[in-house]
Amino acid sequence: MAICAYNARTLASETAIEDIMMQPKKIKYDVIGLTEMRRRHPLNAVYETGELFLGTCDSRGVGGVGVLVNTSMAKNIYSVEQLTTRIGRLRMRRTGSTLVLTIFVAYAPTSSYEEVEAFYMDLEQLTKKIMPSTRS
25 MAICAYNART
35 LASETAIEDI
45 MMQPKKIKYD
55 VIGLTEMRRR
65 HPLNAVYETG
75 ELFLGTCDSR
85 GVGGVGVLVN
95 TSMAKNIYSV
105 EQLTTRIGRL
115 RMRRTGSTLV
125 LTIFVAYAPT
135 SSYEEVEAFY
145 MDLEQLTKKI
155 MPSTRS
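Under the working numbering, the first residue of the sequence shown carries the number 25, and numbering increases by one thereafter.
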């Protein structure tokens, strides 16, 4: 499975979305995690190159994560969730020998220490919910 990451640097306009939908034609991918989209409204759409799920940014126009799932893999989507404006989760059903796959798309802030700490605390809490400790 080919999983890629792409810093979109703004997908607020239809033109920007059209541009990004042309890029996957140049590479082989199954899932592309998208960050820094700066969208005010969510978007779920089907294109020739795949299914696009875009979350929203915060009130300052910062953040926003999403995924582009190749058309051949779209049938395996179980759920797509925006957990915070900087963390998203894609869950896939059985694909070949992989029974279940969870992909996190995360975009860490670089501004203030407090924002960075809050991001990593959110990420830690979310991963603990998903993957509980096996220790007794």
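Idealized CB from N, CA, C, for every residue including glycine. Because the structure is a prediction, the values reported are computed rather than measured.
Legend entry - T145, buried or exposed, once every other Cβ within 10 Å from all chains shown has been counted against 16: The residue you asked about is not Thr; residue 145 is Met in the sequence shown. Under this definition M145 is an exposed residue.
Inset, instruction - Kindly identify the DSSP beta-bridge partner or partners of L71. - result: Correcting the residue type first, residue 71 is Tyr in the shown sequence and not Leu. Answer is G74.
Inset, instruction - Below 6 angstroms CB to CB, which residues in the same chain sit around C28 once its five sequence neighbours on both sides are set aside? - result: Y53, I56
Inset, instruction - On the DSSP bridge assignment, give the partners of S103 in chain order. - result: R115
Inset, instruction - Verify whether the separation of the beta carbon atoms of I154 and T108 is less than 8 angstroms. - result: no
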